[in-house]
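Protein chains in written order, with the numbering used here: chain A, 613 to 928; chain B, 613 to 928.
Cβ coordinates follow ideal geometry from the N, Cα and C atoms, glycine included.
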């Protein structure tokens, strides 16, 4: 089973770099693809003309396969899909929406389609919609997240039992040991977000990258469940939210406080106090900003080392 | 590293059966120990005279090592500890309290002491208190749980980096694949709770066992964070709690609704509507009530099968 992700994407290692808003531009995606993984451009924070430029630059920077992550609730979704088709992007990851709407059209253009889910129920729906593979993302992941709060440890075995599609695990993975553990739980490959936020090529603001490598266990929380659940770093903005909750804030109060462009302000402009900082729990064990290619090499080295130093079989 | 749990407890397999309230009596503990794992009696729901009887019966039912789990916030803690020492119980797992208070006394009687934590910070405190091993329990676990919500996937690597003690992973583990995954993340052994609730020998009410094997993904939630966080099955009692939350209930309102003996009513007396049903997320992939010895054999068979069918090393 486990060669299916490398074969599906024609890549060397079963490592996908998450297509994150404000972080995953052409520099990061091309660096990961050049290192043998699959780089994704995060279209969720790009106007169509910005994505157009990233696609041109990514194609110039790598001859290897790369992809685009598209949140299906994106307001200008048709323009984004048209661009992706016109650029002959080989792989699209869709998230945050119904995969039935766009999968058929993308596949008719020869595009490999992967859908991101946070529950077994939606994994089955994605399979029914005809996607080529599934990303199952656990509660510990950064960014937007499922309401059922299933962790990677419980979600991956459950999705594995429910679909025969190639399966990519996400959430809580930042090392080669985590990668091997996820694959033993039933995944064919892994998607890492937080680990690639702390990369040299990622377009997140350096302030945000520094806060990621300084983060400790317990420094994130899944919140805003009344709107769309999102895992945030516990900064001033987060504590203001908690204060609103303690005062019995309504959904409208929360929306008003969130306002517009909070994520851009935090993750891209580096305002660590007033910005929204989306990151995974696993930030607690990420200590260094590294080139994306070195991250891929480190992951594979740790993975191979873990395979070479397995626990005993306890046979009597 | 990974033989350390079997050596520490003088057992065959690195599998600990969690010492759960209303579920882990002498029948379950002795069955697990007889099968080569470590069975634990859950003292948290026992008056001293009840524990005394369970210790007598457990010693009569097995010549293998077994232990007792003691929540340190137990009201009659001194009587419980006196009993354990008088009975020459070889192993004690402590939880829910400060390990500094009792570890030294237990160890002076030759007892192996293990402390249960849900964060790296408390793992370090337990090491400083002189315990022999640590259980690190992730957010997905049933029962009472940490406020930081660290999942098994992120907690185990973090605790592994912070202490040299033998480490037992708990939370989200119900299969041999989960066991191997946890050990690759850095654990030397595993503790399973929910899987042993659905055992023939467990003392939980048959209604509760049936609800565990019928549970699906998303059927539990960590709640009551204002009191002591606890993962509950989403039954009528849980939905009443959610209703109180939506009405802005105070801590006193929540306590009043919880009342006394809710867990006994649900888990031991089988009232699935009005009782508190503590169970882990992993109930979603538990489908059968089995004898505890068969569960241990299944786990080891799956574990060895997982070791025999590893993913490739992706070396070029």
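For residue 826 of chain A, there is no enclosing beta strand (DSSP E); the enclosing alpha helix (DSSP H) has its first and last residue at 818-826. Runs of the beta strand (DSSP E) lying entirely within the segment 688-776 of chain A and spanning at least 3 residues, in chain order: 703-707, 724-729 and 745-749. Nearest to residue 849 of chain B by alpha-carbon distance, out of B:869, B:839, B:858 and B:830, is B:869. Residues of the segment 893-920 of chain A with a C-beta atom less than 7 Å from some C-beta of chain B are 893, 894, 896, 897, 912, 916, 918 and 919, listed in chain order. Contact check for residue 769 of chain B against residue 724 of chain A fails: the beta carbons are separated by 8 Å or more. Per DSSP, the unbroken alpha helix (DSSP H) holding residue 808 of chain A starts and ends at 806-809. Not one beta carbon of chain B lies nearer than 8 Å to the beta carbon of residue 876 of chain A. Looking at the backbone, the Cα of residue 683 of chain B and that of residue 709 of chain B are separated by about 7 Å. By DSSP's assignment, residue 843 of chain A forms a beta bridge with A:755 and A:834. Taking the CA atoms as reference points, residue 754 of chain B sits about 41 Å from residue 689 of chain A.
If you look at residue 908 of chain A, you'll find it isn't in any beta strand (DSSP E); it sits in the alpha helix (DSSP H) that goes 904-920. Take the alpha-carbon of residue 841 of chain B and the one of residue 728 of chain B: they are about 15 Å apart. With respect to the 8 Å criterion, residue 640 of chain A and residue 815 of chain A are classified as neighbours on the basis of their beta carbons. Nearest neighbour of residue 819 of chain A by Cα position, chosen from A:876, A:862 and A:799, turns out to be A:876. Residue 830 of chain A and residue 731 of chain B do touch by the CB rule: their CB atoms are close to 6 Å apart, below 8 Å. Chain-ordered listing is empty here: chain B has no CB closer than 7 Å to the CB of residue 661 of chain A, the nearest sitting near 38 Å.
Scanning B:810, B:718, B:780 and B:808 for the CA closest to the CA of residue 799 of chain B turns up B:780.
When only Cα atoms are considered, residue 839 of chain B and residue 704 of chain A end up about 45 Å apart. Assignment of residue 801 of chain B by DSSP, reduced to helix, strand and coil, places it in the strand class. The Cβ-Cβ distance between residue 650 of chain A and residue 680 of chain A does not fall below 8 Å. In the structure shown, residue 661 of chain A adopts helical secondary structure according to DSSP, grouped into three states. Counting C-beta atoms within 10 angstroms of its own C-beta, residue 775 of chain A has 16 or more neighbours from the protein chains shown and is therefore classed as buried. Annotation: residue 634 of chain B to residue 719 of chain B spans about 27 Å, alpha carbon to alpha carbon. DSSP places residue 678 of chain B in the strand class (E or B) of the three-state scheme.
In this structure residue 811 of chain A is in contact with residue 902 of chain A, their Cβ atoms being roughly 6 Å apart against a cut-off of 8 Å. Shortest Cα-Cα distance from residue 796 of chain A to any of B:760, B:914, B:674 and B:904 involves B:914. Within a 10 Å sphere around the beta-carbon of residue 744 of chain A sit 16 or more other beta-carbons, which makes this residue buried. In this structure, residue 784 of chain A sits away from residue 760 of chain A, with a CB-CB distance that is not shorter than 8 Å. Looking at the DSSP output, residue 628 of chain A sits in a beta bridge with A:650 and A:803. The C-alpha of residue 920 of chain A lies about 27 Å from the C-alpha of residue 747 of chain A. The residue among B:927, B:825, B:908 and B:660 with its C-alpha nearest the C-alpha of residue 909 of chain A is B:927.
In the three-state DSSP reduction, residue 643 of chain A falls in the helix class (H, G or I). Scanning its chain for C-beta atoms nearer than 6 Å, with the 5 sequence neighbours on each side dropped, one finds around residue 643 of chain A the residues 813, 904 and 905, in chain order.
Identification of residues in the segment 628-658 of chain A having a C-beta nearer than 9 Å to some C-beta of chain B yields 648, given in sequence order. Per DSSP, residue 781 of chain A is one residue of the beta strand (DSSP E) stretching across 779-782.
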